[in-house]
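This report refers to the structure that appears directly beneath it.
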Amino acid sequence: MPGLDALPFPLPTVQQVIFILIAGMTVTGALITALAPNLFHNALGLVLAFFGVAGVYVLLEAEFLAVSQVLIYVGAIATLITFAIMLTRGMMFGRTSSTNRLMLSTAIISALFFLVLTGLLVNVAWPEIGAELAGSEQMIADLGEMFVTTYLVPFELMALLLLAALAGAILLARD
Amino acid sequence: MLQNYTFVLILSGLALLVPVAAIVLGHFLGPRRPNPIKNQTYESGVETVGDTWVQFRAQYYLIGLIFLIFDVEVIFLFPIALAYQRLSLFGVVATITFVVILLLGLLLEWRKGALEWE
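Protein sequence lines correspond, in order, to chains W and P.
The first sequence begins at 262 in the numbering used here and counts up one residue at a time.
The second sequence begins at 38 in the numbering used here and counts up one residue at a time.
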């Protein structure tokens, strides 16, 4: 194809095309979550956005995070949100609206937050890793070893945190 | 590493394509002669009772919460299982402590009757 070399911009690589597709999916999901008038569609949009974020993690070669994202966010949290919607009678029958009187202030705060995040993204000197990463299985095993050596205290504290969450959930739901 | 995910990508594409193709083809090719019986909600051939959008029981939410907590536990145990061959005895004991703390939670909900379906 001789004409392709004459383009004023470089052609995107396959990886870039896939990233654009995944990013588009994530943004679509996020927009459905924020704007769809039916609360149940909001929840489904959230699932789409969660899957998109998992895809971004895969592209960043963070496999463990990607699997955690699908198992915890898609598998458990999205299910929980769907249950919460189905449990609430008033929300199930189209009497909700995606806008209310707080819309203006929320929009302003979200825009400011977006500006802060963009500023951080541009200005922070992010560390670049030049070295080749170890195999993914090796990396996850290293993570597991660190849980019980370097990060032992946070690891055990997390068990306590989960226990407290469980106790709180039982206490709230039994009343 | 990303090459391993080519199959995931292909399968995702197929999973999207097949139902979309079935719906679109059905829309354009299928004859449409509706009558009231055909327009009923499909409920495995049985007549539907009541409204489809019923309110669910609150207990589903509690079970969902418990599932979420043990789901997080499993995610944390998975890397340790991969590193099991190189763990010291101390590491194994630490992992067992982690599981025992969460087992206390299971015991608690058992005692409180959160697992009973009433």
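For each residue, glycine too, the CB sits at the ideal point set by N, CA and C.
**OP:** Counting only the same chain and skipping the five closest in sequence on each side, list residues whose C-beta sits under 7 angstroms from that of P:E146.
**Re:** In the second sequence, the residue the question calls residue 146 of chain P occupies position 109. Excluding residues within five positions, the ones whose Cβ falls inside 7 angstroms are I103 and L152.
Original post:
Secondary structure at W:A426, three-state DSSP: helix, strand or coil?
Top reply: On the first sequence, position 165 is the one that residue 426 of chain W refers to. Reduced to three states, the DSSP call for W:A426 is helix.
**OP:** Would you please state the rounded distance, in angstroms, between the beta carbons of P:R123 and W:E417? I believe it to be under 8 angstroms.
**Re:** If you number the second sequence from 1, residue 123 of chain P lands on position 86. If you number the first sequence from 1, residue 417 of chain W lands on position 156. About 20 angstroms separates the two Cβ atoms, so there is no contact after all.
**OP:** Verify whether the separation of the beta carbon atoms of P:A95 and W:L348 is less than 9 angstroms.
**Re:** Looking up residue 95 of chain P in the second sequence gives position 58. Looking up residue 348 of chain W in the first sequence gives position 87. Cβ atoms of P:A95 and W:L348: closer than 9 angstroms.
**OP:** Look at P:I112 and W:I333 and say whether their C-beta atoms are less than 9 angstroms apart.
**Re:** On the second sequence, residue 112 of chain P is found 75 positions in, with the first residue counted as 1. On the first sequence, residue 333 of chain W is found 72 positions in, with the first residue counted as 1. Taking 9 angstroms as the Cβ cut-off, P:I112 and W:I333 qualify as a contacting pair.
**OP:** Express the C-alpha separation of W:A339 and P:Y97 in angstroms, rounding to a whole number.
**Re:** Here residue 97 of chain P is taken as the residue at index 60 of the second sequence, counted from 1. Here residue 339 of chain W is taken as the residue at index 78 of the first sequence, counted from 1. Roughly 14 angstroms separates the two Cα atoms.
Original post:
Which two residues bound the contiguous alpha helix (DSSP H) that contains P:D108?
Top reply: Stepping through the second sequence from its first residue, residue 108 of chain P is reached at position 71. That run of the alpha helix (DSSP H) goes Q96 to L119.
Original post:
Do P:I106 and W:A315 have their C-beta atoms closer together than 9 angstroms?
Top reply: Within the second sequence, numbered from 1, the residue matching residue 106 of chain P stands at position 69. Within the first sequence, numbered from 1, the residue matching residue 315 of chain W stands at position 54. No. Outside cutoff.
Subject >> Where W:A323 falls: helix, strand or coil (DSSP) >> reply: By one-based count along the first sequence, residue 323 of chain W stands at place 62. Of the three classes helix, strand and coil, the one that applies to W:A323 here is coil, per DSSP.
Subject >> Cα-Cα separation, W:V377 to W:T411 >> reply: The count along the first sequence starts at 1 and reaches residue 377 of chain W at position 116. The count along the first sequence starts at 1 and reaches residue 411 of chain W at position 150. Cα-Cα distance, rounded: 33 angstroms.
Subject >> Close beta carbons around P:P73, own chain, < 6 angstroms, minus the five adjacent residues each side >> reply: As a position in the second sequence, residue 73 of chain P is number 36, starting the count at 1. Only residues of its own chain outside the window of five on either side were considered, and among them none has a CB closer than 6 angstroms to the CB of P:P73.
**OP:** Decide if W:I369 is buried, meaning its Cβ has at least 16 other Cβ atoms within 10 Å, or exposed.
**Re:** Position 108 of the first sequence, counted from the first residue, corresponds to residue 369 of chain W. So W:I369 ends up on the exposed side.
Original post:
Comparing alpha-carbon positions, which option in W:V409, W:I390, W:I342 and W:M286 lies nearest W:E322?
Top reply: Residue numbering aside, residue 322 of chain W sits at position 61 when the first sequence is read from its first letter. For W:E322, the nearest C-alpha among the options comes from W:I390.
**OP:** Anything in chain W within Cβ reach of P:A52, meaning under 7 angstroms, just list it in chain order.
**Re:** For the purposes of this step, residue 52 of chain P is identified with residue 15 of the second sequence, where counting begins at 1. Listed along chain W is no residue with a C-beta nearer than 7 angstroms to that of P:A52; the closest approach is about 12 angstroms.
Original post:
Can the beta-carbon of W:L320 be found closer than 9 angstroms to that of P:L39?
Top reply: Position 59 of the first sequence holds residue 320 of chain W. Position 2 of the second sequence holds residue 39 of chain P. Yes. Within cutoff.
Original post:
What residues from chain P crowd round W:R435, counting only those whose CB sits closer than 9 angstroms?
Top reply: One-based indexing of the first sequence puts residue 435 of chain W at position 174. The answer, in chain order, is L99, K149, G150 and A151.
Original post:
To the nearest angstrom, how far is it from the Cα of W:N303 to the Cα of P:G82?
Top reply: Walking along the first sequence from the start, residue 303 of chain W turns up at place 42. Walking along the second sequence from the start, residue 82 of chain P turns up at place 45. About 31 angstroms.
Original post:
When burial is assigned at 16 or more other CB atoms within 10 Å of the CB, is W:I401 buried or exposed?
Top reply: Taking the first residue of the first sequence as position 1, residue 401 of chain W is located at position 140. By the neighbour-count rule (16 or more Cβ atoms within 10 Å), W:I401 is buried.
Original post:
Which of helix, strand or coil does DSSP assign to P:G150?
Top reply: The count along the second sequence starts at 1 and reaches residue 150 of chain P at position 113. Coil at P:G150, not helix or strand.
**OP:** Check the Cβ-Cβ distances between P:I112 and every residue of chain W, and say whether any is below 9 angstroms.
**Re:** The count along the second sequence starts at 1 and reaches residue 112 of chain P at position 75. Yes, because at least one Cβ of chain W sits closer than 9 angstroms to the Cβ of P:I112.
Original post:
Secondary structure at W:I431, three-state DSSP: helix, strand or coil?
Top reply: By one-based count along the first sequence, residue 431 of chain W stands at place 170. Correct three-state label for W:I431: helix.
**OP:** Identify each residue in the region 310-326 of chain W for which the Cβ-Cβ distance to at least one residue of chain P is less than 8 angstroms, and report them in chain order.
**Re:** V319, L320, E322, E324 and F325
**OP:** For the region 336-422 of chain W, list the alpha helix (DSSP H) runs that are entirely contained and at least 4 residues long, ordered along the chain.
**Re:** Qualifying alpha helix (DSSP H) stretches, in chain order: 339-348, 350-353, 364-384 and 397-408.
Original post:
Between the beta-carbon of W:T287 and the beta-carbon of W:V328, is there less than 9 angstroms?
Top reply: Taking the first residue of the first sequence as position 1, residue 287 of chain W is located at position 26. Taking the first residue of the first sequence as position 1, residue 328 of chain W is located at position 67. No.
Original post:
Since P:V109 meets chain W, which of its residues come closer than 7 angstroms, beta carbon to beta carbon?
Top reply: Translated into positions along the second sequence, residue 109 of chain P becomes position 72. Simply I333 and L423.
Subject >> Three-state class that DSSP yields for P:G50 in the structure shown >> reply: The residue given as residue 50 of chain P occupies position 13 in the second sequence. Helix, per DSSP.
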